[in-house]
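Here the sequence shown is numbered in my numbering, starting from 231 and rising by one per residue. Each residue gets a CB set at the ideal place from its N, CA and C atoms; glycine is no exception. Here's the structure, in C-alpha cells; my notes come after.
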Amino acid sequence: MNTKLLTQNDIDQAAAILKNGGLVGIPTETVYGLGANGLDPEAVGRIFAAKGRPQDNPLILHVPSADWLERWCVDVPETAYVLAERFWPGPLTVILKRGPAVPDVVTAGLDTVGMRCPDHPVTRAIIRAAGVPVAAPSGNTSGRPSPTTAAHMLEDMDGKIDAIVDGGPCAVGVESAIIDLTVDPPRLLRPGGVTLEQLREALGDVAVDAAVVRPMGAGERPRAPGMKYRHYAPRAPVTVVTGEPEKSAAYIAAHAQAGDGVICFDEFAGRFPGKTVERLGPSHDKGEQARRVFDALRAFDSTSVPAIWAQCPDPAGIGLAVANRLNKAAGFHIVEA
Ligand code: AMP
Ligand code: MG
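Below you can see the structure in the form of C-alpha cells.
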C-alpha cells in the first residue's frame, strides 16, 4: 500500500478514506493517532494489524464535541460534562459506560469506552466530515515511542496505512490523561496533558491507579488491558534516574559507559563527554519535556547506543506524565540518585 501524505487542506479526502474503511494518521495536540471509522469493526481491526497491537488493548473514540457522548455512551454522569466543559477540546479521555452501537473490537470487550475530544481543528473537522466517531490509538508500532510528528508516524506506518495528515508537531507531546468516571471516586488510569492537580480541582477526590506509578505485579488484573503492556520503548534498554537534577546528572555521569545514550535536562548537556546526548528541555520546563520525551527516546534508534540513561522530572503537574512515559520505556527500571 502506498501511504499518502495529506495536508491540512485535505479534510474531505481524509474523511472519505475513513468512511470507506481505511486508516488515516491524524494530528492531535497530544500525539499522532491512527484513526479508523469507530463504528466499522473491520476498519478498526486494521488498526490492530497495522500497529501489531494486542487485541485486548482497547482504543479511544474521538468526537468533535461533548454533545456526541450520549450517542455512543449510556448513563453519562454529570462529572463527564464538568470535565468536558473545563478541558475539552483537550488532552483528557473519560471512561464511560458504552452504548450498544460501539463495536466490541473498540473496547476489547469491556462494558466501558474511552471518549476524547482532541484539540486539533483539522482532526475535529475530519471527524465531523466523516460523521462517525473515530477510533484511534497512538500512531506508533505497538510498544514503540508515540509519534509527535507526521515524519515519525511515517517511520512506523509507511506502506501499512492509507494516509497521514500532516498537522504539524504536537503541542502537548504526551498522550491524554485517562480518567475512569464509572467508579467512585473517579480514578486516573493514565497521567497526561490534563494534570492530576487540575482533575482534583474540578472533581475533588480522584484516585490514582497503582499502574501509573509502578509495574503490574504478576497475576494482577489490570483495570484497563493496555496497562499490562511494555510501552514507549526504544531499542536499547533504559534506566531512569530520579532525584534532584544535580544529583541525577552526577549519578549518570558516574555510571554511564562510553558510547551510552543519555537523556538529560538542557543545563546538563555538557556533562556527558563520550556519550550520545538527547536534551529533554530545561529542568524547570516540564511542558517542553513532555513535547520532547518521545522524540528523545526515538532518536536513539538511529544510533547503536547499547544503553540509555534518563534524568526524570518530579511528579508535580505534567511531570507525572513525563515520568510515567520514561518509567514505562524503562520497564520501571528506576534508580534514585
Ligand atoms: P493508546 O493511547 O495508544 O495507548 O491507546 C488508548 C489507551 O486508552 C490504552 O492505553 C487503553 O488501555 C486505554 N483505554 C481505552 N479504552 C479504555 C477503557 N474502556 N477502559 C480503560 N482504558 C481504556
Ligand atoms: Mg499508544
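**Request:** Confirm the yes/no value for this check: CB of Gly568, any heavy atom of the ligand AMP, distance under 7 Å.
**Result:** Lying outside 231 to 567, the shown extent of the chain, residue 568 is not represented and no answer is given.
**Asked** Can you tell which of Glu272, Thr472, Gly361 has the C-alpha that lies nearest to the C-alpha of Ala540?
**Response** Thr472
**Request:** Report all residues from its chain with a CB closer than 6 Å to the CB of Phe562; omit the five preceding and five following residues, and keep chain order.
**Result:** Pro445
**Request:** Quick one: residues in its chain with C-beta nearer than 8 Å to the C-beta of Ala314, no 5 flanking neighbours on either side, listed in chain order?
**Result:** Ala296, Leu299, Val324, Cys347
**Asked** Which residue or residues does DSSP assign as beta-bridge partners of Met345?
**Response** Leu291, Val324
**Asked** Considering only residues of the same chain and omitting the five flanking positions on each side of Ile277, which have a CB-CB separation below 6 Å?
**Response** Leu264, Ala266
**Message:** With a threshold of 7 Å on Cβ separation, who are the neighbours of Thr379 within its own chain once the five nearest residues in sequence on each side are excluded?
**Reply:** Pro399
**Request:** Return helix, strand or coil for Asn370, following the three-state DSSP convention.
**Result:** coil
**Asked** Is there at least one non-hydrogen atom of the ligand MG closer than 7 Å to the beta-carbon of Ser406?
**Response** no
**Request:** Return the first residue and the last residue of the alpha helix (DSSP H) that Trp539 is part of.
**Result:** That residue, Trp539, is in no alpha helix (DSSP H); its beta strand (DSSP E) goes 538-541.
**Message:** Using 8 Å for Cβ pairs, my map puts Asp388 next to Thr233. What's the rounded Cβ distance?
**Reply:** 5 Å
**Request:** Taking the CB atoms as reference points, tell me whether Leu550 and Thr469 lie closer together than 8 Å.
**Result:** no
**Asked** Under 7 Å from any heavy atom of the ligand MG, does the C-beta of Pro421 make it?
**Response** no
**Asked** With respect to 7 Å, is the separation between the Cβ of Asn554 and the closest non-hydrogen atom of the ligand AMP below this value?
**Response** no
**Prompt:** Within 10 angstroms of its Cβ, does Ser478 collect 16 or more other Cβ (buried), or is it exposed?
**Reply:** buried
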